[in-house]
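K.L.:
Got a structure for you, questions after.
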Amino acid sequence: MTEKKNRAGETDGFTVEERAAMKERAEELRAQKGRTKGAAKAAAELQDVLDAIAKLPDDADRALAERLHVVITEAAPQLAPKTWYGMPAYALDGKVLVFVQPASKFDTRYTTLGFNDTAQFDDGAMWPASFAVTSLGPAEQKAITELVQRAIG
């Protein structure tokens, strides 16, 4: 993760990967404005997620993201797939609840399954909001199914 430098050799504090994610988010917002509502919008957003997964440069990342997509959508069919900063995400009532951050997105050693603040995980003064995922077997699928359902409330 290298920072992009301007002509003076200074950085703005963002990595190249972070800048790319911000550009992807801006493109997503522009695309949303031009979309109709209802089934056509949902179909277009689902296709955006499938395209984002298909474009992942790493085969292992792509396979894991494909499987996570299936687990999440089967666990909570009421969630609406959409992209969020170029990543697969799943929204409830228009707000992203859970997202998949592939390892290749920010050049990390594992994929992250993350939950936003709308997730119903509150448990005392501290609780986890993201999980490292390196593989997806039956135990992980069960745990993710339970997490997604719990996040909805």
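Counting from 0, one number per residue, gives the positions in the sequence shown under numbering that gives the first Met the number 0. C-beta atoms are modelled at their ideal positions from N, C-alpha and C, and glycine is treated no differently.
(1) Suppose you measure from the CA of Asp106 to the CA of Arg18; what does that come to, to the nearest Å?
(2) What is the rounded straight-line gap between the Cα of Pro80 and the Cα of Glu26?
(3) Tell me whether Ala39 is buried or exposed, calling it buried when 16 or more other Cβ atoms sit within 10 Å of its Cβ.
(4) Start and end of the alpha helix (DSSP H) containing Ala75?
(5) Count the other CB atoms, across all protein chains shown, that sit within 10 Å of the CB of Thr133; report buried if there are 16 or more and exposed otherwise.
(6) Does the beta-carbon distance from Pro87 to Ile143 come in below 8 Å?
(7) State the beta-bridge partners of Met86 as determined by DSSP.
(8) Check whether the Cβ atoms of Val15 and Ile71 lie closer than 8 Å to each other.
(9) For Leu78 versus Thr117, is the C-beta spacing smaller than 8 Å?
(10) What residues in its chain sit with their C-beta under 7 Å from that of Tyr84, if we drop five residues either side in the sequence?
P.N.:
In terms of the structure at hand:
(1) Between the alpha carbons of Asp106 and Arg18 lies a distance of about 13 Å.
(2) Glu26 has its alpha-carbon roughly 17 Å from the corresponding atom of Pro80.
(3) Under this definition Ala39 is an exposed residue.
(4) Careful: Ala75 lies outside any alpha helix (DSSP H) and carries neither H nor E.
(5) Exposed.
(6) No, they are not a contact pair.
(7) DSSP lists Trp83 as partners of Met86.
(8) No, the Cβ-Cβ distance between Val15 and Ile71 is not below 8 Å.
(9) No, the pair does not count as a contact, with Cβ atoms beyond the cut-off.
(10) Excluding sequence positions up to five before and after Tyr84, its CB lies within less than 7 Å of the CB of Ala20, Glu23 and Arg24, all in the same chain and listed in chain order.
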